[in-house]
Amino acid sequence: MKTKIITAICLVLGISASAQNVNNIQMPELLNKNSRQTINVPNILGYQTLKCDFHMHTVFSDGIVWPTVRVDEAYNEGLDAIAITDHIERNPSKKDVAGDDNSSYEIALPRAEQKNILLIHAGEITRSMAPGHFNALFLKNTQALDTPDWRDAFAEAKKQGAYFIWNHPGWKAQQPDTCLWWDEHTELFENGMLNAIEVFNEKEWYPIALDWCMDKNIAPHAASDIHGINSEMYNLKDYHRPMTLVLAEERTEESIREALFANRTIAYFGNNLAGKEEFLKAFFEAAVEISCFKEKGKEKSYSIKNTSDVPFFLSSEDKSFTIPANGETILMIKNDAENMYAIKNLFIKGTENLQVSLKLQD
Ligand SMILES: [Zn+2]
Ligand SMILES: [Zn+2]
Numbered sequence: 008m009k010t011k012i013i014t015a016i017c018l019v020l021g022i023s024a025s026a027q028n029v030n031n032i033q034m035p036e037l038l039n040k041n042s043r044q045t046i047n048v049p050n051i052l053g054y055q056t057l058k059c060d061f062h063m064h065t066v067f068s069d070g071i072v073w074p075t076v077r078v079d080e081a082y083n084e085g086l087d088a089i090a091i092t093d094h095i096e097r098n099p100s101k102k103d104v105a106g107d108d109n110s111s112y113e114i115a116l117p118r119a120e121q122k123n124i125l126l127i128h129a130g131e132i133t134r135s136m137a138p139g140h141f142n143a144l145f146l147k148n149t150q151a152l153d154t155p156d157w158r159d160a161f162a163e164a165k166k167q168g169a170y171f172i173w174n175h176p177g178w179k180a181q182q183p184d185t186c187l188w189w190d191e192h193t194e195l196f197e198n199g200m201l202n203a204i205e206v207f208n209e210k211e212w213y214p215i216a217l218d219w220c221m222d223k224n225i226a227p228h229a230a231s232d233i234h235g236i237n238s239e240m241y242n243l244k245d246y247h248r249p250m251t252l253v254l255a256e257e258r259t260e261e262s263i264r265e266a267l268f269a270n271r272t273i274a275y276f277g278n279n280l281a282g283k284e285e286f287l288k289a290f291f292e293a294a295v296e297i298s299c300f301k302e303k304g305k306e307k308s309y310s311i312k313n314t315s316d317v318p319f320f321l322s323s324e325d326k327s328f329t330i331p332a333n334g335e336t337i338l339m340i341k342n343d344a345e346n347m348y349a350i351k352n353l354f355i356k357g358t359e360n361l362q363v364s365l366k367l368q369d
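In this text, residue positions in the sequence shown follow this note's numbering: the first is 8, and each later residue adds one.
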């Protein structure tokens, strides 16, 4: 009887051992779940607000990661679209990494399709100032831009239907004490080869570049220009990476292209937004909900809720207050009080904030 019981136990153990190797015990709880973050920004003016980073590097120029890593980072951080913009003329890894200027796009594309990230074929035209560095987006063959004369590179990109972004105009390596617009930029602008400017790059903001954008109707962008690992570089606990918000009809590459050429962009960096007044006003109004919950004589109390990741820092002559990101604040106001505020983190010019009057109905 005793032997039978032991045999039965062994049989049970034997069966379970064959299904689960006792000398290879899996511990999936140790692995990162890599769940996708949500970036809370409202859709405005009938468009979808797409979260895009159009400037980053890989081992195919002077970055340190494989192209698929850029897709995984973008997926995890909640982006919709990216462009890998390896330097066309400069590749310090050339002797260790085979391939050409199209390789980073070709390698990343299957991963992007798998993760539903829109990947835009691009490259960084890397020349001395002027004209400096430009990203060319929507290319067909990046390799063809590797020409001795910079004007030939721009002409080739234009032939391929490119959208041109002037990168980091105030980068100290090229403009040590200034941030100047050169004659070459006028030439490019007049020939349709300067569609956008990075008013923010990596960790630098160039207020004067926003003035150029608004004066000449050029699209403002913000981008990471990431070379290393994004989560190592940025404080992703408190902020998103810098990005360009694109107001697109649909979440497709063709829609992004149409929106970019129509200048429907907002630069989003840290807690700041920079762009056209109509876009920032629409953003604020879509993100914020105001309701009156108490009235006592001339005084009224309002609840102001913000459903976006962007806090709003409001300031008037006599009052400053914050509407926190994804939060609420209470505002007490007298009926005859001034109701015009500057939003200190929303920029419609380099040194000019969006002004709003709160809709304080009952
Ligand atoms: Zn650059
Ligand atoms: Zn770059």
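Positions of the beta carbon are idealized from the N, C-alpha and C atoms, including for glycine.
C-alpha distance - residue i paired with residue j, whole-angstrom precision
i, j, result
"residue 100", "residue 259", "33 angstroms"
"residue 248", "residue 29", "44 angstroms"
"residue 325", "residue 301", "22 angstroms"
"residue 17", "residue 27", "Only weak support is given to the placement of residue 17: the predicted model assigns it a pLDDT of 48, under 50, and the value that follows is read from those uncertain coordinates. Near 15 angstroms, if we compare the C-alpha coordinates of residue 27 and residue 17."
"residue 77", "residue 130", "15 angstroms"
"residue 384", "residue 116", "The requested residue 384 is not part of the displayed model; the chain covers only 8 to 369."
"residue 199", "residue 149", "19 angstroms"
"residue 363", "residue 138", "38 angstroms"
"residue 287", "residue 361", "7 angstroms"
"residue 122", "residue 307", "49 angstroms"
"residue 37", "residue 63", "30 angstroms"
"residue 178", "residue 234", "16 angstroms"
"residue 206", "residue 52", "23 angstroms"
"residue 346", "residue 339", "12 angstroms"
"residue 24", "residue 32", "A caution first: residue 24 carries a pLDDT of 47, below 50, which makes its placement in the model unreliable, though a value can still be read off. Straight-line Cα distance between these residues: approximately 11 angstroms."
"residue 289", "residue 201", "26 angstroms"
"residue 230", "residue 35", "35 angstroms"
"residue 358", "residue 102", "46 angstroms"
"residue 140", "residue 169", "15 angstroms"
"residue 71", "residue 270", "32 angstroms"
"residue 143", "residue 172", "7 angstroms"
For residue i, the first and last residue of its enclosing alpha helix (DSSP H)
i, result
"residue 159", "157-166"
"residue 113", "110-122"
"residue 220", "214-223"
"residue 192", "190-197"
"residue 84", "74-84"
"residue 238", "237-240"
For residue i: DSSP bridge partner residues
i, result
"residue 303", "306"
"residue 341", "306"
"residue 272", "253"
"residue 361", "350"
"residue 170", "144"
"residue 226", "203"
"residue 208", "211, 230"
"residue 313", "295, 334"
"residue 366", "BP columns for residue 366 are empty, so no partner."
"residue 187", "Partner(s): none; residue 187 has no beta bridge."
"residue 57", "253"
"residue 247", "Partner(s): none; residue 247 has no beta bridge."
Residue i, enclosing beta strand (DSSP E) - first and last residue
i, result
"residue 126", "125-133"
"residue 279", "279-282"
"residue 91", "88-91"
"residue 332", "From DSSP, residue 332 is part of no beta strand (DSSP E); its letter is neither H nor E."
"residue 319", "319-322"
7 angstroms Cβ shell around residue i - same chain, five flanking residues per side excluded
i, result
"residue 241", "248"
"residue 282", "227, 272, 273, 274"
"residue 188", "219"
"residue 91", "63, 65, 74, 77, 111, 112, 115, 129"
"residue 107", "150"
"residue 366", "297"
"residue 104", "66, 67"
Given residue i as reference, the closest of the options once Cα atoms are compared
i, options, result
"residue 56", "293, 306, 175, 355", "293"
"residue 65", "95, 42, 52, 40", "95"
"residue 285", "272, 296, 251", "272"
"residue 97", "113, 114, 119, 135", "135"
"residue 147", "124, 175, 113, 122", "113"
"residue 335", "366, 313, 43", "313"
"residue 176", "167, 169, 203, 156", "203"
"residue 39", "174, 46, 79", "79"
"residue 162", "182, 132, 178, 185", "132"
"residue 42", "73, 71, 84", "84"
"residue 58", "152, 87, 262, 195", "87"
"residue 194", "251, 158, 224", "158"
"residue 192", "333, 216, 268, 355", "216"
"residue 341", "356, 299, 318", "299"
Contacting residues, own chain, Cβ-Cβ under 6 angstroms from residue i (five flanking each side not counted)
i, result
"residue 352", "278, 279, 320"
"residue 14", "In this predicted model, residue 14 has a pLDDT of only 49, less than 50, meaning its place in the structure is not dependable; the value taken from the coordinates is given anyway. Closer than 6 angstroms at the Cβ level, and outside the excluded window around residue 14, lies no residue."
"residue 119", "78, 126"
Neighbour flag for residue i against chain C, beta carbons, 8 angstroms
i, result
"residue 144", "The question asks about chain C, but that chain is absent: this structure has only one protein chain."
Cβ neighbours of residue i in the same chain (closer than 8 angstroms, five flanking residues each side left out)
i, result
"residue 154", "160, 163"
"residue 263", "57, 59, 88, 125, 127, 253, 255"
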